[in-house]
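Start counting the sequence shown at 437; every next residue gets the next number (the numbering used here). See structure below.
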Amino acid sequence: MKITRKRVRPVLGAVAVAAAAGMVLAGCTTSTPSSEASSSGKTITMAQVNEVTSFNYNTPQGNLDINGMINYMTQPQFFTLNQKYDIERNTDLGTYKKLSNDPLKVEYTLNKGDKWSDGTAMTADDLLLGWAIGSCYYDSSKTNDNGDVVSGTQYFSTAGGCVYQTDLPKVSNDNRTITFTYKQPYVDWELVNPIQLPAHVVASEIGVSTKDLTKAFMNTPAGDADNPAPANKTLEKAAKFVNTGYDTTSLPKDKKLLVSGGPLVVSAWTPKQSMTLVPNKYYTGKHKVNFGKLVIRFIADANAQVTALQNGEVDAIQPQASADTLKALKAASGVKIQTGDQVAYDHLDLNFKSSVFSDATERQAFLLTIPRDEILKSIVTPINPKAKVLDSQIFLPGQEGYDQSVKQNGSSEFDKVDIAKAKSLLAGKTPTVKILYNSQNPNRVDAFQAIQASAAKAGFKVVDGGSPQWASLLAGGDYDASIFGWVSPGAGNAMLPQLFQIGNGSNYNNFNVKEASDLAVKSQTTLDASKLLDIKMQIDKLAFTNFYGLPLFQSPGLFATNSKLKGVEYFGGQTGLVWNVWDWSK
């Protein structure tokens, strides 16, 4: 599964942070620009916890759940997932097919007439850019045990890392088809989406033509870490722009950054309040939306979301699930409630670069103080009385391998708090531990306070590192431990290198166990299901025996809509409420 901070694009199998940040909103959206006024039909308004931070969801800093939702609605997708997390090919955009197994060869073809929202034709130039971002083909970098680049060049920075590797693609004469030949088998080849950003926009932003950008891709040799060549200046500029140029906290003045290839396009944004999307007039097919405008209001507080739904200010909400929120919704009239498990979990991670937790004994001692059962009962049990503490870093309850892995992974050592053993391991030490978490998320606040009180009994001095900007601080490493959530799309295996590979951009806690890292990389080319399951179980065990941290609980999900909005169905993956936005009507 692709785990949401880090809710993989271009590979949907990657992970993204389940963030719960943002300010409580009270305002309305700005008006739609006159250039978009031709969009007719109803306005649908929904609430989301987080505010957008980037229009590029595929970078380590941009890989947040809300960014992923915007990406899903505005950028081209060769496939979607249904409620059972089965892959459904999106013929609105084009087709793809496997040409051979050995070597693995896959062909992608865009439909004739496909256009970006500015009217520019979609071509294989766009597919080539998407491939370059996801394949790391040009990288010549070497990293040390901590994942730091020590030589060569690293171009594009992605949340999932280099999850697939191919030869230089072949492009058809009509510039609509691209063919990948993989250097080795790739388990999630059906989850590769080789298009994300418009090549003509990236080219324009770095001062070259689309033709010149494509020429740079086609003529630059593959990276050689043992004999690195000087960086290609055009690719270097393109990578720098892709890596950071789409990050923003307000509507960009440069409207090229809003060019869309999906059914919707962003038209307005009032920071801290709302964002407006309208139909992309060039989008055709079964995923064309049935309304005139979608307004997303940023409302962090669950009670405020419920109030907004009751007052008719919004048509749909996806608040953080809690017993109080569910009770309030049940008391409201004309509200449809949908609940279920999310393919997501909350967890405590220990920073392996921390001066405290670089020591395995102190990691073990700290984990022995974590009151996981108390946290579960205060946060999840009131919503789902059958919920249990999560005992795997890889699997969720009900998934194949969960019960089998739990029996062997060593999680049983942390079934109960053991202050006496923790004290014995510390041998009189009183380490200071700073924990990073979202200070505006009540669930994370509760978890932090429970951990702080319990750890103090063993001698740990737990410092409050909570911040509304927690997500942007994850990669910085200025903390000893972190509490946050991962949410997966529900398909694929790209989460494994994303979390456990040394040097991966989403390996925020700098987990540096080489055996686990090698297994995570190996998993991406393991096609035998039983062998892949065994690899996952080995990684799961290595995570516990090396005191990676502790999983806390599987996250419950909650949707609520008013009687006017039709078509919303529950989905536990990272695209959340908007997973079938094209089916909505009002």
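Each residue gets a CB set at the ideal place from its N, CA and C atoms; glycine is no exception.
Burial state of residue i, where buried means 16 or more other Cβ atoms lie within 10 Å
{"i": "Ile806", "result": "buried"}
{"i": "Ala930", "result": "buried"}
{"i": "Ser686", "result": "exposed"}
{"i": "Val1014", "result": "buried"}
{"i": "Thr797", "result": "exposed"}
{"i": "Gln974", "result": "buried"}
{"i": "Gly597", "result": "buried"}
{"i": "Gly912", "result": "exposed"}
{"i": "Lys977", "result": "buried"}
{"i": "Leu963", "result": "exposed"}
{"i": "Glu487", "result": "buried"}
{"i": "Thr1011", "result": "buried"}
{"i": "Val701", "result": "buried"}
{"i": "Asp690", "result": "exposed"}
{"i": "Ser828", "result": "buried"}
{"i": "Ser608", "result": "exposed"}
{"i": "Leu804", "result": "buried"}
{"i": "Met654", "result": "exposed"}
{"i": "Asn879", "result": "buried"}
{"i": "Gly555", "result": "exposed"}
Cβ pair residue i, residue j closer than 7 Å
{"i": "Leu812", "j": "Phe989", "result": "yes"}
{"i": "Thr997", "j": "Lys857", "result": "no"}
{"i": "Ala709", "j": "Ala483", "result": "It should be pointed out that residue 709 corresponds to Gln in this sequence rather than to Ala. Cβ atoms of Gln709 and Ala483: not closer than 7 Å."}
{"i": "Pro707", "j": "Thr617", "result": "no"}
{"i": "Pro699", "j": "Lys724", "result": "yes"}
{"i": "Ala1023", "j": "Asn494", "result": "Since the first residue of the chain shown is 437 and the last is 1022, residue 1023 is not available in this structure."}
{"i": "Gly837", "j": "Asp528", "result": "no"}
{"i": "Leu745", "j": "Ile735", "result": "no"}
{"i": "Pro398", "j": "Ser875", "result": "Residue 398 lies beyond the stretch modelled for the chain, which goes from 437 to 1022, so this question has no answer here."}
{"i": "Asp983", "j": "Ala956", "result": "In the sequence as presented, Asp is not what sits at residue 983; that position holds Phe. Cβ atoms of Phe983 and Ala956: not closer than 7 Å."}
{"i": "Asp785", "j": "Asn945", "result": "yes"}
{"i": "Asp561", "j": "Ala635", "result": "yes"}
{"i": "Asn492", "j": "Gln513", "result": "no"}
{"i": "Lys852", "j": "Lys478", "result": "no"}
{"i": "Tyr544", "j": "Pro621", "result": "no"}
Other residues of its chain near residue i: CB distance less than 8 Å, five sequence neighbours each side excluded
{"i": "Tyr915", "result": "Asn787, Ser790, Lys870, Ile871, Leu872, Gly901, Leu909"}
{"i": "Ser474", "result": "With a pLDDT of only 37 at Ser474, under 50, the local geometry of the prediction cannot be trusted, and the value read off the model is given with reservation. Only Lys717 meet the Cβ criterion."}
{"i": "Ser490", "result": "Gln497, Gly498, Leu500, Asn503, Tyr682, Asp683, Thr684"}
{"i": "Pro818", "result": "Ser758, Ala759"}
{"i": "Leu968", "result": "Val623, Asn929, Ser959, Thr962"}
{"i": "Thr670", "result": "Ile642, Val644, Asp648, Leu649, Ala652"}
{"i": "Gly748", "result": "Asn998"}
{"i": "Asp882", "result": "Ile811, Ser814, Ile815"}
Unbroken alpha helix (DSSP H) run spanning residue i, endpoints
{"i": "Ser814", "result": "808–815"}
{"i": "Lys852", "result": "Here Lys852 belongs to no alpha helix (DSSP H), and DSSP marks it neither H nor E."}
{"i": "Lys958", "result": "950–959"}
{"i": "Ile938", "result": "Run containing Ile938: none; DSSP gives neither H nor E here."}
{"i": "Trp906", "result": "906–909"}
{"i": "Ser890", "result": "878–892"}
{"i": "Ser841", "result": "838–844"}
Terminal residues of the beta strand (DSSP E) in which residue i lies
{"i": "Thr481", "result": "479–484"}
{"i": "Tyr984", "result": "Unbroken run through Tyr984: none, as it is neither H nor E."}
{"i": "Ala863", "result": "Careful: Ala863 lies outside any beta strand (DSSP E) and carries neither H nor E."}
{"i": "Ala917", "result": "917–923"}
{"i": "Thr962", "result": "No beta strand (DSSP E) holds Thr962; DSSP gives it neither H nor E."}
{"i": "Ser875", "result": "Unbroken run through Ser875: none, as it is neither H nor E."}
{"i": "Asp1019", "result": "No beta strand (DSSP E) holds Asp1019; DSSP gives it neither H nor E."}
{"i": "Lys824", "result": "Segment: none, Lys824 is in no beta strand (DSSP E) and carries neither H nor E."}
{"i": "Ser587", "result": "585–587"}
{"i": "Asp900", "result": "897–900"}
Same chain only: Cβ atoms within 7 Å of residue i, ignoring 5 sequence neighbours per side
{"i": "Ser794", "result": "Phe788"}
{"i": "Val816", "result": "Ala823, Phe989, Pro992"}
{"i": "Gly1009", "result": "Leu517, Tyr521, Val779, Ser924, Pro925, Gly926, Trp1015"}
{"i": "Ser593", "result": "Thr495, Pro496, Asn679, Gly941"}
{"i": "Arg832", "result": "Looking at the sequence shown, residue 832 is not Arg but Leu. Within the same chain, Leu832 has close Cβ partners Val779, Tyr781, Tyr838, Gln990."}
Contacting residues, own chain, Cβ-Cβ under 6 Å from residue i (five flanking each side not counted)
{"i": "Ser696", "result": "Thr510, Ser553, Asn716"}
{"i": "Asp1019", "result": "Gly1003"}
{"i": "Ser471", "result": "With a pLDDT of 34 at Ser471, under the threshold of 50, the modelled position of this residue cannot be trusted; read the value that follows with caution. Taken in chain order, the list of residues that qualify is empty."}
{"i": "Asn507", "result": "Tyr493"}
{"i": "Ala462", "result": "Since pLDDT at Ala462 reaches only 21, below the 50 mark, its modelled position is unreliable, and the value read off the structure follows with that caveat. The answer is none, since no qualifying residue turns up."}
{"i": "Thr466", "result": "Caution is warranted here: a pLDDT of 31 is assigned to Thr466, below 50, making its placement in the model unreliable, and no coordinate value can be reported."}
Of all the alpha helix (DSSP H) runs that stay within the bounds of the region 490–561, which reach a length of 4 or more residues? 501–510
What are the complete beta strand (DSSP E) segments, minimum 3 residues, inside the region 661–749? 700–706, 710–715, 729–734
Completely contained beta strand (DSSP E) runs for the region 757–805, where each covers 3 or more residues: 771–786
Continuous beta strand (DSSP E) assignments of at least 3 residues falling wholly in the region 597–668: 613–617
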